[in-house]
Amino acid sequence: MNKVLLIAFLLSTSLMYSQKEKVKVGSWKDLKGISEYNLVFDYSDLEIPKFDSEEEFLEDKMSKREEKEIGAGEKFKDSWFSDRETYYEPRFIETFNDKYKNGLVKVDRDIGSAEYTMKIHTTFMYPGYNVGVMRQNSKIETTVSVYKNDSPDNIIFSVDYTKIQGSGNAGYDYNSGQRIADAYIIFARALAKHMYKNTK
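Numbering (the working numbering), first residue to last: 37 to 236.
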């Protein structure tokens with residue numbers, strides 16, 4: 037393993053263990069025996085540092101881009117929302133299913149045989165930045181809630197995850213969507229590990 041890859045691996049490992057989780061409803065044991073989950077992703081009431089709302093964040097970023105190039109603001113807004121299905125959600129699904137030991141638990145959208153839903157509510161998002169000489173990791177916070185498909189108001193388990201950071205992809209993360217997706221990869225690894233450890 038060359039020096040760059042070794043540093044990236046060590047950084048990724050340390051970040052995976054830097055996030056915090058706190059169970060809010062039920063216990064991990066309540067998930068024992070559940071092998072499939074339908075996934076729902078929720079980005080409502082999203083908090084973004086230094087802004088009062090997601091709308092204010094978008095207005096700021098769009099106006100700055102429009103000053104430099106006509107149409108760039110709308111392009112940014114489109115990618116801000118499309119990155120969820122293009123980057124964040126697929127990375128989470130792929131990583132969780134790949135990392136859950138022995139493939140004992142699977143998550144995805146619309147699993148017909150699944151009786152339970154897992155809702156991933158992202159409550160906080162910081163896209164970070166990379167301008168070559170300076171960079172900051174992306175950060176997210178989430179609430180994971182589990183309920184039977186037909187009883188969304190009856191939460192059987194809920195856990196909050198905070199301080200989730202993307203690992204930085206060895207510094208080659210110039211695209212904000214990919215930076216944020218990296219935080220979802222770290223999150224998926226942690227969730228799979230915690231679920232397996234606490235329900236076996």
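Even for Gly, the Cβ is constructed at its ideal location relative to N, Cα and C.
- With contacts defined as CB atoms closer than 7 Å, F93 and I156 fail to qualify as a contacting pair.
- Counting along the chain, K86 sits inside no beta strand (DSSP E), nor does DSSP assign it H or E at all.
- Listed in chain order, the non-local C-beta contacts of S194 below 8 Å within the same chain comprise V59, K60, V61, G62, T179, V180, S181 and V182, local neighbours out to five positions each way being set aside.
- In this structure, A217 sits near Y123, with a CB-CB distance shorter than 7 Å.
- If you look at T122, you'll find it isn't in any alpha helix (DSSP H); DSSP assigns it neither H nor E.
- Restricted to the segment 108 to 178, the alpha helix (DSSP H) segments that are unbroken, complete and at least 4 residues in length are 108 to 119 and 125 to 135, listed in chain order.
- With a threshold of 16 other beta carbon atoms within 10 Å, N185 falls short and is exposed.
- For Y220, the uninterrupted alpha helix (DSSP H) run begins and ends at S212 to T235, by DSSP.
- About 14 Å separates the beta carbons of F132 and A219, which is beyond the 8 Å limit, so they are not a contact pair.
- For the 7 Å CB-CB criterion, I70 and Y152 form a contact.
- K113 and M98 have their alpha carbons spaced roughly 7 Å apart.
- Burial state of F128 is buried, judged by a 10 Å Cβ sphere holding 16 or more other Cβ atoms.
- In this chain, the beta strand (DSSP E) harbouring L75 covers E72 to D78.
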